[in-house]
């Protein structure tokens, strides 16, 4: 068994922000200032940074007054998956039942559906 070389990959700020918004980032901190065992100041910080899609996926609450009837919010509610071939985000139903609109990748489910629609192949005698 040989050793594989370690490949360094460049990471740009855009890549980092994309990962943070896609996966989400939660900061949870408790800060206390005490003198001689007596707590003088206590601060609790709870912060979350995520895209609307990620926040909706994990059920994070939004501030009161947030208008969730907008087109962008409805778009965020639609389940999306990364295409296995090109990696672009596509609506899950379209990706599984039709094909990727970006690269044309077709799932096994869509191929089976197309074969069923075509019907049996007639073999000439």
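In the numbering used here, the protein residues as written are 56 to 180. The C-beta atom is built at its ideal place from N, Cα and C for all residues, glycine as well.
Less than 7 angstroms between C-beta atoms, sequence neighbours within five positions excluded: which residues of the same chain meet that for residue i?
i	result
residue 116	none
residue 111	131, 132
Going straight from the alpha carbon of residue i to that of residue j, what length do you get?
i	j	result
residue 165	residue 142	18 angstroms
residue 152	residue 162	7 angstroms
residue 173	residue 78	41 angstroms
residue 91	residue 97	15 angstroms
With a threshold of 16 other CB atoms inside 10 Å of the CB of residue i, please say whether the residue is buried or exposed.
i	result
residue 93	exposed
residue 104	exposed
residue 150	buried
residue 145	buried
residue 66	exposed
If you follow the alpha helix (DSSP H) that residue i is part of, which residue opens it and which one closes it?
i	result
residue 91	Looking at the DSSP string, residue 91 is not in any alpha helix (DSSP H), and its letter there is neither H nor E.
residue 163	163–173
Near residue i, what residues of its chain come up, given a Cβ to Cβ distance below 6 angstroms and the 5 sequence neighbours on each side ignored?
i	result
residue 108	131
residue 122	none
residue 133	146
In chain order, what residues of the same chain lie with their CB nearer than 8 angstroms to the CB of residue i, ignoring the 5 residues before and after it?
i	result
residue 154	160, 161, 162, 165
Between residue i and chain D, is any beta-carbon pair separated by less than 7 angstroms?
i	result
residue 107	In the structure shown, chain D cannot be found, because there is only a single protein chain.
Sequence ranges, beta strand (DSSP E) only - wholly within the stretch 110–153, length at least 3: 135–137, 144–146
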